[in-house]
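In our numbering, the protein residues as written are 6 to 144.
Right, one structure below, let's go through it.
So, in C-alpha cells, the structure goes:
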C-alpha cells in the first residue's frame, strides 16, 4: 500500500511539474534575418542586463526626422563578459550616441534587431552578438 501511494505521489508531482510553463530558448535564425543587417546610430536610452539575453534600447532618428525607439538583443551575459563587455559599458552609454550593427527581425517586427557589434561613445567597438555576417564589423 505504501509503495502504491509513493508511486501515485511521484506521478502526480511529475504531471504538475510538466504543466508549469517554461520559457523556451530560441536560435538566432528563428527570429532574425542574417541577410538584413544594417548600421543604426542613435541615443542609448536603457538596457536590461538579464539572462538568457541582454537587451538595450536606442532612440534612432529616421530620414524624415522622426525618432523611433529600437530594441536590440545581445548574446548571454556570460558571453558578453567573456568578450570584455561589462554592465558599466552600457551604464556609461545612457544618453550618449552609439552605433550598432544589427540584423533585423524576420517576422517584420518594426524596430527590433539582434545586435552584432556596438561602437560605444569612447570609440571602442564591442562584439555583443553573433557574427552572422562572418566578419567583425569595423566602424
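Even for Gly, the Cβ is constructed at its ideal location relative to N, Cα and C.
Residue(s) in a DSSP beta bridge with residue i
i           : result
residue 120 : 107
residue 2   : Any property of residue 2 remains undetermined from this structure, which presents the chain solely from 6 to 144.
residue 72  : 66
residue 132 : 122
Simplified DSSP state of residue i, which is helix, strand or coil
i           : result
residue 85  : helix
residue 102 : strand
residue 127 : coil
residue 8   : helix
Boundaries (first-last residue) of the alpha helix (DSSP H) holding residue i
i          : result
residue 94 : 92-96
Residue-chain proximity (residue i, chain C), Cβ-Cβ < 8 Å
i           : result
residue 123 : Looking at the structure shown, chain C is missing, and only one protein chain is on hand.
Extent of the continuous beta strand (DSSP E) to which residue i belongs
i          : result
residue 62 : 60-66
residue 40 : 37-53
residue 80 : Residue 80 -> no beta strand (DSSP E), and no H or E assigned at all.
Spatial neighbours of residue i in its chain, beta-carbon cut-off 6 Å, leaving aside the 5 residues before and after
i           : result
residue 131 : 90, 123
residue 146 : Absent from the structure is residue 146, since the part of the chain shown begins at 6 and ends at 144.
residue 66  : 72
residue 45  : 65, 105
residue 88  : 132
Neighbourhood of residue i by C-beta distance below 7 Å, restricted to the same chain and skipping five residues each side
i          : result
residue 56 : 81, 82
residue 85 : 59, 79, 133
Margin query: Check whether the stretch 100-115 and the stretch 123-135 touch, using three or more Cβ-Cβ pairs below 8 Å as the test.
Written below: Using a Cβ-Cβ distance cut-off of 8 Å, the stretch 100-115 and the stretch 123-135 are in contact, since at least three pairs of beta carbons, one from each stretch, lie closer than that value.
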